[in-house]
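Visitor: Numbering (this note's numbering), first residue to last: 2 to 385.
From the three backbone atoms N, C-alpha and C, an ideal C-beta is built for every residue, glycine too.
One structure coming up, written as structure tokens, with questions to follow.
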Amino acid sequence: MGDVKHFLYAWCGKRKITPAYEIRAVGNKNRQKFMCEVRVTGFNYIGMGNSTNKKDAQTNAARDFLNYLVRVNEIKSEEIPAFGAGAVGTPAGGVTGAEGGEGLDAPLGGPVPPHLALKSETDFAPPPGAQWDRGANLKDYYSRKEEQEAQATLESEEIDLNAGLHGNWTLENAKARLNQFFQKEKIQGEYKYTQVGPDHNRSFIAEMTIYVKQLARRIFAREHGSNKKLAAQSCALSLVRQLYHLGIIEAYSGQTKKKEGESVEPYEVSLTSDLENQLQRIIEDMGLEVISPPEDPQSPVLLSIGKLAHFEPSQKQNQMGVVPWSPPQSNWNPWTSCNIDEGPLAYATPEQISIDIKSNLLYQLENDQELQKVSVQLFECVDS
2 MGDVKHFLYA WCGKRKITPA YEIRAVGNKN RQKFMCEVRV TGFNYIGMGN
52 STNKKDAQTN AARDFLNYLV RVNEIKSEEI PAFGAGAVGT PAGGVTGAEG
102 GEGLDAPLGG PVPPHLALKS ETDFAPPPGA QWDRGANLKD YYSRKEEQEA
152 QATLESEEID LNAGLHGNWT LENAKARLNQ FFQKEKIQGE YKYTQVGPDH
202 NRSFIAEMTI YVKQLARRIF AREHGSNKKL AAQSCALSLV RQLYHLGIIE
252 AYSGQTKKKE GESVEPYEVS LTSDLENQLQ RIIEDMGLEV ISPPEDPQSP
302 VLLSIGKLAH FEPSQKQNQM GVVPWSPPQS NWNPWTSCNI DEGPLAYATP
352 EQISIDIKSN LLYQLENDQE LQKVSVQLFE CVDS
């Protein structure tokens with residue numbers, strides 16, 4: 002097995018349990034990081050890992066949990082293969098054998114630093130049916146939410162409650178009437194589009210100015226829409242309504258579109274007592290309120306229809322009563338509580354780091370003249 006997550010998943014599968022991964026974003030906008038926590042039923046321990054991407058954060062969390070299993074003698078260190086980013090199971094999380102005086106540029110027996118690595122890890126595909134990878138579905142969830150919000154925006158933009166005050170001209174019929182007016186008056190009308198908003202919430206503004214010969218004046222329209230089509234329709238509607246109120250064009254005489262729910266006539270039906278009881282139970286279970294018709298048919302009925310936001314249920318998080326902590330290990334910065342994923346230190350063993358620090362200090366002692374002056378007794382007198 003070439004992946005830490007796959008190895009942990011296989012080990013848990015033998016015991017008929019599943020590791021649960023939880024990912025959350027931490028840090029600021031300039032340096033976004035992801036914190037991952039892994040929990041396994043029956044073990045009072047939370048594996049932690051973080052990185053600049055979700056995949057590496059899950060890998061670091063799985064590696065931390067495997068180190069815990071080695072410490073509690075649930076897994077022998079010999080059973081765990083080396084995965085490249087510091088072997089799991091050694092006392093400090095690294096592979097020993099870096100002897101002979103080499104530093105980070107020539108590791109012996111350890112993983113190759115990233116600046117010397119020639120082969121990258123292959124992408125890991127989770128087993129089918131795995132329910133522990135919560136972060137993988139976030140992109141699909143946000144995409145579905147954006148599509149639902151876009152559809153709701155389109156429906157809300159097409160609603161027109163005061164069309165009767167403007168000659169029954171609506172988004173559906175105004176653009177065709179404006180084109181007829183252009184052909185009759187031999188006017189070349191062109192829409193001018195302006196893009197506004199960020200990339201994730203882009204919208205358009207359509208503008209048009211036309212000259213009306215009958216009035217010897219110009220009329221102008223500028224409307225906003227979530228896309229170019231709606232913006233152009235709204236702009237055409239504004240121009241047509243202006244022409245209607247100025248007496249240039251007539252009111253719309255065609256048949257206006259109505260919703261199917263408004264055109265259906267009510268009719269009475271006969272229901273059995275069992276069906277009535279079943280409907281009543283469903284209404285009570287769903288918490289719906291039945292509005293009784295008024296005694297006077299002419300009196301208005303208030304229907305309060307509220308649109309509530311729907312969110313998918315999230316996994317329950319366990320409340321931790323202790324500060325997250327992990328023992329000293331490689332690829333971990335205890336001062337910032339995060340994994341080291343960049344630079345040679347990300348894949349270097351503690352022995353390689355110690356040898357490199359020692360060689361740097363020895364070089365400084367032999368070549369740094371300022372440091373050599375400190376050992377001279379005369380230097381203390383001059384400094385005082």
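Between which two residues does the beta strand (DSSP E) carrying GLY14 extend?
Guide: Numbered from its first residue, the sequence shown carries residue 14 at position 13. Not the beta strand (DSSP E): GLY14 falls in the alpha helix (DSSP H), residues 5 to 15.
Visitor: I want to know whether the segment 275 to 290 touches the segment 190 to 201 - three or more CB-CB distances under 8 Å.
Guide: Contact annotation: the segment 275 to 290 does not touch the segment 190 to 201, with fewer than three C-beta pairs closer than 8 Å.
Visitor: If I follow the unbroken beta strand (DSSP E) through ALA217, where does it start and stop?
Guide: Sequence index remark: in the sequence shown, residue 217 carries index 216 (1-based). No residue range can be given for ALA217, since it is assigned to no beta strand (DSSP E) and is classified by DSSP as neither H nor E.
Visitor: Give me, in chain order, the residues of the same chain whose beta-carbon lies closer than 8 Å to that of GLN59; leave out the 5 immediate sequence neighbours on both sides.
Guide: Counting from one through the sequence shown, the residue named residue 59 turns up at place 58. Answer for GLN59: LYS6, TYR22, ILE24, CYS37, VAL39, GLY50, ASP134, GLY136, listed in chain order.
Visitor: Give me the Cα-Cα distance between ASN202 and TYR143, rounded to the nearest whole angstrom.
Guide: Sequence index remark: in the sequence shown, residue 202 carries index 201 (1-based). Sequence index remark: in the sequence shown, residue 143 carries index 142 (1-based). Computed Cα separation, rounded: 13 Å.
Visitor: What would DSSP say about ARG25, mapped onto helix, strand or coil?
Guide: Start at 1 with the first residue of the sequence shown, and residue 25 comes out as number 24. Note: ARG25 maps to strand in three-state DSSP.
Visitor: For the segment 247 to 256 against the segment 212 to 225, do three or more pairs of beta-carbon atoms, one drawn from each stretch, fall closer than 8 Å, so that the two count as touching?
Guide: The answer is yes - the segment 212 to 225 touches the segment 247 to 256, with three or more Cβ pairs under 8 Å.
Visitor: With burial defined as no fewer than 16 other Cβ atoms inside 10 Å of the residue's Cβ, what is the status of PHE183: buried or exposed?
Guide: As a first step, residue 183 must be located in the sequence shown, where it is residue number 182. Counting Cβ neighbours within 10 Å, PHE183 comes out exposed, since fewer than 16 surround it.
Visitor: What three-state label does DSSP hand SER227 in the structure shown?
Guide: Locating residue 227 in the sequence shown gives position 226, counting from the first residue. SER227: coil per DSSP, three-state reduction.
Visitor: Would you check if the distance between the CB atom of ARG223 and the CB atom of ILE211 is smaller than 8 Å?
Guide: As a position in the sequence shown, residue 223 is number 222, starting the count at 1. As a position in the sequence shown, residue 211 is number 210, starting the count at 1. For ARG223 and ILE211, no; Cβs fall outside 8 Å.
Visitor: Hey, ILE47 and LEU67: beta-carbon distance below 8 Å or not?
Guide: By 1-based counting over the sequence shown, the position of residue 47 is 46. By 1-based counting over the sequence shown, the position of residue 67 is 66. Taking 8 Å as the Cβ cut-off, ILE47 and LEU67 do not qualify as a contacting pair.
Visitor: Looking at C-alpha atoms only, which residue of PRO199, LEU240, ALA26 is the closest neighbour of MET209?
Guide: By 1-based counting over the sequence shown, the position of residue 209 is 208. If we check each option's Cα against that of MET209, LEU240 comes out closest.
Visitor: Just how far apart, CA to CA, sit ALA347 and ASN340?
Guide: By one-based count along the sequence shown, residue 347 stands at place 346. By one-based count along the sequence shown, residue 340 stands at place 339. Roughly 8 Å between the two C-alpha positions.
Visitor: Tell me whether GLN370 is buried or exposed, calling it buried when 16 or more other Cβ atoms sit within 10 Å of its Cβ.
Guide: Taking the first residue of the sequence shown as 1, we reach residue 370 at position 369. It is exposed - the Cβ of GLN370 has fewer than 16 other Cβ atoms within 10 Å.
Visitor: Within the same chain, show all residues whose beta-carbon is closer than 8 Å to that of ASN54, passing over the 5 residues directly before and after it, in chain order.
Guide: As a first step, residue 54 must be located in the sequence shown, where it is residue number 53. Cβ neighbours of ASN54 beyond the five flanking positions: PHE35.
Visitor: Closest by CA to PHE8, which one among SER52, ASN45, GLY43, ILE76?
Guide: By 1-based counting over the sequence shown, the position of residue 8 is 7. The residue with the shortest Cα to Cα distance from PHE8 is ILE76.
Visitor: Using the Cα positions of TYR10 and ASN45, report the straight-line distance between them to the nearest angstrom.
Guide: Residue 10 sits at position 9 when you count from the first residue of the sequence shown. Residue 45 sits at position 44 when you count from the first residue of the sequence shown. If you take the alpha carbons of TYR10 and ASN45, they lie about 18 Å apart.
Visitor: Going by Cα to Cα distance, which pick from GLY28, THR42, ARG32 is closest to GLY14?
Guide: Against the sequence shown, residue 14 aligns to sequence position 13. Distances from the CA of GLY14 to each of GLY28, THR42, ARG32 were compared; the closest alpha carbon is that of THR42.
Visitor: Where does ARG203 fall in DSSP's three states?
Guide: As a working mapping, residue 203 is identified with position 202 in the sequence shown. It is coil, neither helix nor strand.
Visitor: Measuring alpha carbon to alpha carbon, tell me which of VAL375, ASP342, PRO351 ends up nearest ASN61.
Guide: In the sequence shown, counting from the first residue as 1, residue 61 sits at position 60. When only C-alpha atoms are compared, the closest one is ASP342.
Visitor: For LYS17 and LYS146, I'd like the C-alpha separation in whole angstroms.
Guide: Counting from 1 along the sequence shown, the entry for residue 17 is found at position 16. Counting from 1 along the sequence shown, the entry for residue 146 is found at position 145. LYS17 and LYS146: Cα-Cα distance of roughly 34 Å.
Visitor: Just to confirm my understanding: we take LEU366, look at its own chain, exclude 5 residues before and 5 after, and list those with CB closer than 7 Å. What are they?
Guide: The residue labelled residue 366 in the question sits at position 365 within the sequence shown. Counting only Cβ-Cβ distances below 7 Å, and skipping sequence neighbours, we find LEU372.
Visitor: List the whole-angstrom C-beta distance separating HIS167 from TYR245, where the pair is believed to meet the contact cut-off of C-beta under 8 Å.
Guide: For the purposes of this step, residue 167 is identified with residue 166 of the sequence shown, where counting begins at 1. For the purposes of this step, residue 245 is identified with residue 244 of the sequence shown, where counting begins at 1. Correct: roughly 6 Å between the Cβ atoms.
Visitor: So, under 8 Å CB-CB, ASN180 and PHE205 are touching, yes? Tell me the CB distance rounded to an integer number of Å.
Guide: Against the sequence shown, residue 180 aligns to sequence position 179. Against the sequence shown, residue 205 aligns to sequence position 204. Not quite, the Cβ-Cβ distance comes to about 20 Å (not below 8 Å), so this is no contact.
Visitor: Alpha helix (DSSP H) containing LYS176: first to last residue?
Guide: Reading the sequence shown from its first residue, position 175 is the one you call residue 176. From DSSP, the alpha helix (DSSP H) with LYS176 extends over 172 to 186.
Visitor: Any idea what DSSP makes of SER293, helix, strand or coil?
Guide: On the sequence shown, residue 293 is found 292 positions in, with the first residue counted as 1. In this structure, SER293 counts as coil in the three-state DSSP scheme.
Visitor: With 16 as the cutoff for other CB atoms within 10 Å, does GLU79 come out buried or exposed?
Guide: Numbered from 1 along the sequence shown, position 78 holds the residue referred to as residue 79. Counting Cβ neighbours within 10 Å, GLU79 comes out exposed, since fewer than 16 surround it.
Visitor: Over the uninterrupted alpha helix (DSSP H) stretch that includes THR60, give me the two end residues.
Guide: What you label residue 60 is simply residue 59 of the sequence shown in a count that begins at 1. Start and end: 55 to 72.
Visitor: Count the other CB atoms within 10 Å of the CB of ARG178; is the residue buried (16 or more) or exposed (fewer)?
Guide: Here residue 178 refers to the residue found at position 177 when the sequence shown is read from its first residue. By the 10 Å Cβ count, ARG178 comes out buried.
Visitor: Taking all protein chains shown into account, do 16 or more other C-beta atoms lie within 10 angstroms of the C-beta of GLU290, making it buried, or fewer, making it exposed?
Guide: By one-based count along the sequence shown, residue 290 stands at place 289. Exposed, by the Cβ-count rule.
Visitor: Please classify SER52: is it buried, with 16 or more other beta-carbons within 10 angstroms of its beta-carbon, or exposed?
Guide: The residue labelled residue 52 in the question sits at position 51 within the sequence shown. Here SER52 is buried: its Cβ has 16 or more other Cβ atoms, across all protein chains shown, within 10 Å.
Visitor: Only counting the same chain, and skipping five residues up and downstream in sequence, which positions put a Cβ closer than 6 Å to that of LEU238?
Guide: In the sequence shown, the residue the question calls residue 238 occupies position 237. The residues are LEU172, ALA175.
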